[in-house]
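Just below is one structure, and these are the notes that go with it.
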Amino acid sequence: MPSAAPRHKDGLQPITGGRVFVVDDDASVRKSLERLLTSVGYRVQTFESARDFLGRPQTPEGGPQCLILDIRMPGVSGLDLQTSLRSSGATIPIIFSTGFGDVSSSVRAMKIGAVDFLTKPIDEEELLAAVERGLTLDAEMRRLDAVMTVLTTRQDRLTPRENQVFALVVTGMLNKQIAGRLGTCERTIKVHRARIMKKMEAGSVADLVRMADRLGLPPAAASPVRRVE
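In terms of this note's numbering, the sequence shown opens at residue 1353 and continues consecutively.
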């Protein structure tokens, strides 16, 4: 019978398939963190510099990821790398580490999305808790991205008129009201509504409302509707 996955001392079990990148110019720190993180079940890759991390072979991402990043490194600093990643659209959660109690740097890092800011020597339990938060955050962002991709694909199936009806249905308007708003008959709206439900794979109007919220549909009731046939 296979043994259970190792747990942190606080009882948390590492996220399955979690990958942790470590970027630090100190070889002893890299080795120590790799040993610790591997011992609790994470996949770990270490890099001596920000440039090495950016130049790593790009492989299909599988599972949640996070980055442990030394804030003070020769050349490209940790803060510079964080800024570069955010500018490129990368959303990998970052945990900063530093040998100095640099308050201004920690404030700056947290303002642009760092998960945590830890001072060396790093407490193992604090680090593992921060990594778990980072991986959980990344897993949730990936889930939301996947949901948005599915919803966008479904919405792309709708005709311009169906999109108009969709935007009005989710405001709570009745078929008769929508027909009057669009200058058509109630039967036509019923047909559009049925097609929208099918194309969006919605089981109820409540489902449509949640989808519209995720898609960021503007409130149709607030603006005039242009005739589209």
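Glycine is no exception: its CB is placed at the ideal position from the N, C-alpha and C atoms.
Note on C1418: 16 or more other CB atoms within 10 angstroms of its CB, so buried under the neighbour-count rule. According to the DSSP assignment, S1449 belongs to the beta strand (DSSP E) that extends over I1446 to T1450. Beta-bridge annotation (DSSP): Q1417 is paired with R1371. Here L1470 carries a strand assignment [DSSP, helix/strand/coil].
The three-state reading of DSSP puts R1408 in coil, since its state is none of H, G, I, E or B. Between the C-alpha atoms of V1392 and V1459 there is a straight-line separation of about 30 Å. With a contact defined as Cβ atoms closer than 8 Å, L1389 and V1381 miss out at about 12 Å.
Residue pairing by DSSP puts V1396 in a beta bridge opposite V1372. As the crow flies, the alpha-carbon of M1493 is around 42 Å from that of C1537. For M1549, the uninterrupted alpha helix (DSSP H) segment begins and ends at E1538 to K1551. Linking K1542 to D1422 through their CA atoms gives a straight-line distance of about 59 Å. The DSSP-derived three-state label of D1497 is helix. Rounded to the nearest whole angstrom, the C-alpha separation of T1511 and A1498 is 23 Å. C-alpha of V1375 to C-alpha of D1565: approximately 38 Å in a straight line. Within the model, the alpha-carbon separation for Q1434 versus N1515 is close to 39 Å. Using a Cβ distance threshold of 8 Å, A1491 and P1416 count as a contacting pair. Going by DSSP, I1464 is part of no alpha helix (DSSP H) at all; its letter is neither H nor E. Within the model, the alpha-carbon separation for V1521 versus G1407 is close to 49 Å.
Residue pairing by DSSP places D1422 opposite S1449 in a beta bridge. Rounded to whole angstroms, the Cβ separation of V1372 and I1446 is 11 Å, and the two are not in contact under 8 Å.
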